[in-house]
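Participant: Quick note on numbering: the sequence shown equals residues 82 to 152 in my numbering. I have a structure I would like to understand better, so I am pasting it below and will then ask my questions one at a time.
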Amino acid sequence: MPTDLEQLQTIKSQALASIAEITANPKPSYTIDGQSVSWNAYLHRLRQTVDWCDRKLAGQQPVEVRSQAMT
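Here it is, written out as structure tokens:
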């Protein structure tokens, strides 16, 4: 079973691949039978997903805190 870190990396990787595909072959937004498809909105949601993953991954990374004591 993958760890949380691995799952976040996979989600980010898949979102970035989808962004690359959509921007390489852009499609127009359209409405058919009352259903609308907005590629710009989908692209925006994918970018939000990448940002969310970045924030979560930053929280998973080890942190080094430097401090200095004075006497």
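For glycine and all other residues, C-beta sits at the position ideal for the given N, C-alpha and C.
According to DSSP, simplified to helix, strand and coil, what is Thr91?
Facilitator: Of the three classes helix, strand and coil, the one that applies to Thr91 here is helix, per DSSP.
Participant: Taking only the alpha-carbon atoms, compute the straight-line gap between Gln90 and Ile100 and give it to the nearest angstrom.
Facilitator: Their Cα atoms are separated by approximately 15 Å.
Participant: When the Cα atoms are used, what is the spatial distance from Glu145 to Ile113?
Facilitator: Rounded to whole angstroms, Glu145 to Ile113 spans 53 Å at the Cα level.
Participant: Label Ala96 either buried or exposed according to how many other C-beta atoms from any shown protein chain fall within 10 Å of its C-beta, with 16 as the threshold for buried.
Facilitator: Buried, because 16 or more other Cβ atoms sit within 10 Å of the Cβ of Ala96.
Participant: Which whole runs of the alpha helix (DSSP H) in the segment 86-147 are 4 residues long or more, in chain order?
Facilitator: Qualifying alpha helix (DSSP H) stretches, in chain order: 120-141.
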